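Under our numbering, the sequence shown has 540 at position 474, and the numbering climbs by one with no breaks. Where a beta carbon is used, it is the ideal one built from N, C-alpha and C, also for glycine. Please read all numbers here as calculations on a predicted model, not as lab measurements. Data block below; observations after.
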Amino acid sequence: MWRLLKTLLVPPLYDDYEQDRRSRLGTYILVFLLVFTPAAAVINYVLARSRDQTWQIGVSLFLVSLLISRWLMQKRQLHAALVIMLVTLWGMLNWSAYAYAGGVSSAVFTGNLVVVVLAGLLLGRPGATVSAALTILAGLVLAAIEQAGLLPLDLATRSGWSEWVTNVTYLLCVATALFFFVDTYEHVLHRWRMNESQLRESNEQLRINSARLRAQNEVLATLQQTTVDLLNRRELSDVLSAILDRALFLCQARNGFIYLLEADNLMHLRVPRGVFAADYSEVFSKGVGLTGKIWAQGEPLLVTNYDEWAGRDERIATGQFGAILGVPLSSGQEVVGVLVVTHDRGGATFSNEDLQLLTNFAEMASIALDNVRLLNAAEEELAVRIRAEARNEALLRAIPDLIMQVDRQGNYLDVRGQEQGVLPLASLGQSLLTELPPALRRKVEGAMDRALSTHNMQQFVCQWPQTERHYEVRVIALGEAELLFIWRDISEQLQTERALREKHKMESLGMLAGGIAHDFNNMLTSILSQASLVANQLPADDKLQKNVGRMVTSAERASDLTRQLLAYAGKADVKPELIDLNKLVRDNVSMLESMNIGKATIELNLRQKLPPVQAARGQLQQLVMNLVINAAEALPESGGIVRIATSLEMGPFALPETQLIGGVGLPAGPYICLEVRDTGRGMSPDTVERIFDPFFTTKETGHGLGLSATLGIVSSFGGGIAVSSTPAIGSLFRVYLPAQLDGNVDNIPEPEINNQPAPEDAS
Numbered sequence: 067m068w069r070l071l072k073t074l075l076v077p078p079l080y081d082d083y084e085q086d087r088r089s090r091l092g093t094y095i096l097v098f099l100l101v102f103t104p105a106a107a108v109i110n111y112v113l114a115r116s117r118d119q120t121w122q123i124g125v126s127l128f129l130v131s132l133l134i135s136r137w138l139m140q141k142r143q144l145h146a147a148l149v150i151m152l153v154t155l156w157g158m159l160n161w162s163a164y165a166y167a168g169g170v171s172s173a174v175f176t177g178n179l180v181v182v183v184l185a186g187l188l189l190g191r192p193g194a195t196v197s198a199a200l201t202i203l204a205g206l207v208l209a210a211i212e213q214a215g216l217l218p219l220d221l222a223t224r225s226g227w228s229e230w231v232t233n234v235t236y237l238l239c240v241a242t243a244l245f246f247f248v249d250t251y252e253h254v255l256h257r258w259r260m261n262e263s264q265l266r267e268s269n270e271q272l273r274i275n276s277a278r279l280r281a282q283n284e285v286l287a288t289l290q291q292t293t294v295d296l297l298n299r300r301e302l303s304d305v306l307s308a309i310l311d312r313a314l315f316l317c318q319a320r321n322g323f324i325y326l327l328e329a330d331n332l333m334h335l336r337v338p339r340g341v342f343a344a345d346y347s348e349v350f351s352k353g354v355g356l357t358g359k360i361w362a363q364g365e366p367l368l369v370t371n372y373d374e375w376a377g378r379d380e381r382i383a384t385g386q387f388g389a390i391l392g393v394p395l396s397s398g399q400e401v402v403g404v405l406v407v408t409h410d411r412g413g414a415t416f417s418n419e420d421l422q423l424l425t426n427f428a429e430m431a432s433i434a435l436d437n438v439r440l441l442n443a444a445e446e447e448l449a450v451r452i453r454a455e456a457r458n459e460a461l462l463r464a465i466p467d468l469i470m471q472v473d474r475q476g477n478y479l480d481v482r483g484q485e486q487g488v489l490p491l492a493s494l495g496q497s498l499l500t501e502l503p504p505a506l507r508r509k510v511e512g513a514m515d516r517a518l519s520t521h522n523m524q525q526f527v528c529q530w531p532q533t534e535r536h537y538e539v540r541v542i543a544l545g546e547a548e549l550l551f552i553w554r555d556i557s558e559q560l561q562t563e564r565a566l567r568e569k570h571k572m573e574s575l576g577m578l579a580g581g582i583a584h585d586f587n588n589m590l591t592s593i594l595s596q597a598s599l600v601a602n603q604l605p606a607d608d609k610l611q612k613n614v615g616r617m618v619t620s621a622e623r624a625s626d627l628t629r630q631l632l633a634y635a636g637k638a639d640v641k642p643e644l645i646d647l648n649k650l651v652r653d654n655v656s657m658l659e660s661m662n663i664g665k666a667t668i669e670l671n672l673r674q675k676l677p678p679v680q681a682a683r684g685q686l687q688q689l690v691m692n693l694v695i696n697a698a699e700a701l702p703e704s705g706g707i708v709r710i711a712t713s714l715e716m717g718p719f720a721l722p723e724t725q726l727i728g729g730v731g732l733p734a735g736p737y738i739c740l741e742v743r744d745t746g747r748g749m750s751p752d753t754v755e756r757i758f759d760p761f762f763t764t765k766e767t768g769h770g771l772g773l774s775a776t777l778g779i780v781s782s783f784g785g786g787i788a789v790s791s792t793p794a795i796g797s798l799f800r801v802y803l804p805a806q807l808d809g810n811v812d813n814i815p816e817p818e819i820n821n822q823p824a825p826e827d828a829s
């Protein structure tokens, strides 16, 4: 029921405003008639005014015509439906006026005016004209019938002609007003239609522009997102995949690929999609196939049907795809790749807009490829530099030299090396020259000027102020405004060279002294033998006995000197044995104290449980006596202290404050250290360098062989002597002799705490 009511009541809708208006008005009138006609029929039947069969048939036909009109409206036959509805209404009114209402003079006939108005509204001027003419004709007919007396007698009340004239007058007035109204309405409607048409065209154009703008916005958004996405990617494979996926999205395609130019000067497949993802790995040279032609021409290429294209590569099977669009990927003026998208065979085609869009996209994609390649190259170069810097940093840390970089004014730019804590250098940005004394500053400035002017390395040796350290300095120009300083500490090298020279000198002197002493000793032996024979042959009271005795005494004294020379040369005839150094020191000190040497006070600090040393007892005793006597003789007239100490130490030794003589490069191992320290007048550095030379002495009555013999004895035992001395303070002699263990280092005795105070350094 609801669907039936909806069908009857809801008018069909039309895009045209006028048709839609007529449809609505016609539907409302039709519904009114469908409701009013049965109601009027029922009322007339109840009042018994029209119970005849003719009336019932007429009403039924009227309703059927109205339903037909409604059916035509639903079929969107609006004009036919309106004509049938108006003709049915006009016929019903005029039939009712003739049969039941009283002809032209009846109120029913006056209803034709409504029909004329409705015809004008629904069908325009032609409808109003036709309906007015038909109404006038019907009025003439009814008037003639009434005049002839053919109407029922009870309904004829007035003259039919007068009523007809009256109705015609009404009709003409209504028609005139209606025509004016319809003309005005149609004029307004015409202008409205024109405006509606223009508005519709404007709306259509606006819709097209809006759609185009939306498409452009989507493209721009895609390009922007692609740009951001590509710039955030670091891997080339990720960038290529993103480029191809965006290109397929922009062109609404399913298949595609990207070829890149490789080192073999051929195009190789890098990223496939769609049909190209399955077993497609062709390699293209320039000018071959679509990829090769785009590479050779450097221009985009659009092919509607690839299978029918004259340039198709025969290696590609037919029937795989239809339309194909390719663009070059460039780096500067060189083509480095090709981007291709395709549709399936029999599918869509690419437009010129797609060609332009993909061309613009390819330009942006080329920039993205350049960026990622530059970024990868920069990252690789950075990684190489980082590795190189790390390697250089490791080398600099391993190099013991001090390396500094300065500008032309000497300001520090960089400082590296292990010597940074040795030199009192300023921080970065300050000047090296301000740290130097005038003499060294002039030397450094001269080296800097020569290095910058000649670009040759400058080299010199200097001693850092207020230290004992010597440096070999190299100055290298770095361009026109910077210099590189390399400071190498050669203090130990100089000390080693000096010790080697001293050792070689001692060895040479020893060889010379040994040869002379040996020959001289043979001559002395002969002299003593002859002198003894002469003394035996002379009477005891002979006055020559005294002279011969003096000659023998002098010869024996000369023989003693030759023995010292032989000891210095290490050629003395000795028999080494294991000796307790502590006991030997105590025995010799007791003997020296009984001799009351000078005003020396001897203090002992001997380590307990000291391992023995292997040496000749007489030579070791001579060594101790020489060192103690020299220390005592170095004391002033007012007296002083001679401290003697023994200890067990492990070599090798690092003694930068002393001069290790006779033991350059002593091997590792346990050593017995005999230390003799005095508080005497001390020695200058020049004197220290010569004290072991044969026949060198600072004493008026000395012969200069005591310390020479001592050095020879120590060297023959495989040891060494370290000497340090400061004028007016005193001297310190350390003798290192190899300790004799049972072959196990773990058997070295632990040190014991000595109650006597430790000796102070002579320096």
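In this structure, how does DSSP classify residue i when only helix, strand and coil are distinguished?
i: residue 145; result: helix
i: residue 216; result: coil
i: residue 725; result: Residue placement at residue 725 cannot be trusted, given a pLDDT of 46 that sits under 50; what the coordinates show is reported in the next sentence. Of the three classes helix, strand and coil, the one that applies to residue 725 here is strand, per DSSP.
i: residue 498; result: coil
i: residue 736; result: strand
i: residue 671; result: strand
i: residue 712; result: strand
i: residue 704; result: coil
i: residue 796; result: strand
i: residue 329; result: coil
What are the boundary residues of the beta strand (DSSP E) that includes residue i?
i: residue 397; result: 390 to 397
i: residue 542; result: 536 to 544
i: residue 369; result: 367 to 369
i: residue 314; result: That residue, residue 314, is in no beta strand (DSSP E); its alpha helix (DSSP H) goes 302 to 317.
i: residue 25; result: Not covered by the structure: residue 25. The range shown for the chain is 67 to 829.
On a Cα-Cα basis, can you pick out the residue from the options that is closest to residue i?
i: residue 746; options: 734, 665, 803 and 717; result: 665
i: residue 407; options: 433, 195 and 372; result: 372
i: residue 652; options: 696, 709, 330 and 327; result: 709
i: residue 619; options: 392, 457, 195 and 597; result: 597
i: residue 715; options: 350, 524 and 736; result: 736
i: residue 212; options: 478, 469, 169 and 455; result: 169
i: residue 777; options: 693, 528 and 85; result: 693
i: residue 749; options: 807, 682 and 700; result: 700
i: residue 528; options: 807, 520, 521 and 540; result: 540
i: residue 122; options: 311, 161 and 774; result: 161
Could you give the distance in angstroms between the alpha-carbon of residue i and the alpha-carbon of residue j?
i: residue 369; j: residue 452; result: 50 Å
i: residue 795; j: residue 459; result: 46 Å
i: residue 840; j: residue 324; result: What is shown of the chain runs 67 to 829, which leaves residue 840 out entirely.
i: residue 791; j: residue 758; result: 14 Å
i: residue 191; j: residue 183; result: 10 Å
i: residue 490; j: residue 538; result: No answer about residue 490 holds up, because its pLDDT of 47 lies below 50 and its placement is not dependable.
i: residue 129; j: residue 99; result: 8 Å
i: residue 359; j: residue 383; result: 18 Å
i: residue 269; j: residue 414; result: 29 Å
i: residue 400; j: residue 443; result: 18 Å
i: residue 103; j: residue 266; result: 41 Å
i: residue 601; j: residue 789; result: 47 Å
i: residue 469; j: residue 548; result: 13 Å
i: residue 391; j: residue 365; result: 11 Å
i: residue 514; j: residue 564; result: 30 Å
i: residue 732; j: residue 588; result: 35 Å
i: residue 340; j: residue 263; result: 47 Å
I'd like the span of the alpha helix (DSSP H) that includes residue i, first residue to last.
i: residue 475; result: Element bounds for residue 475: n/a, residue is neither H nor E.
i: residue 686; result: 683 to 699
i: residue 549; result: Residue 549 -> not in any alpha helix (DSSP H); beta strand (DSSP E) instead, spanning 548 to 555.
Tell me the DSSP bridge mates of residue i?
i: residue 323; result: 338 and 406
i: residue 480; result: 471
i: residue 98; result: Per DSSP, none; premise fails for residue 98.
i: residue 680; result: 644
Considering only heavy atoms of the ligand MN, does any lie closer than 8 Å to the CB of residue i?
i: residue 313; result: By its list of ligands, the structure shown contains no ligand whatsoever, and the ligand MN lies outside what it can speak to.
Counting only beta-carbon separations shorter than 9 Å, does residue i have a partner in chain D?
i: residue 516; result: In the structure shown, chain D cannot be found, because there is only a single protein chain.
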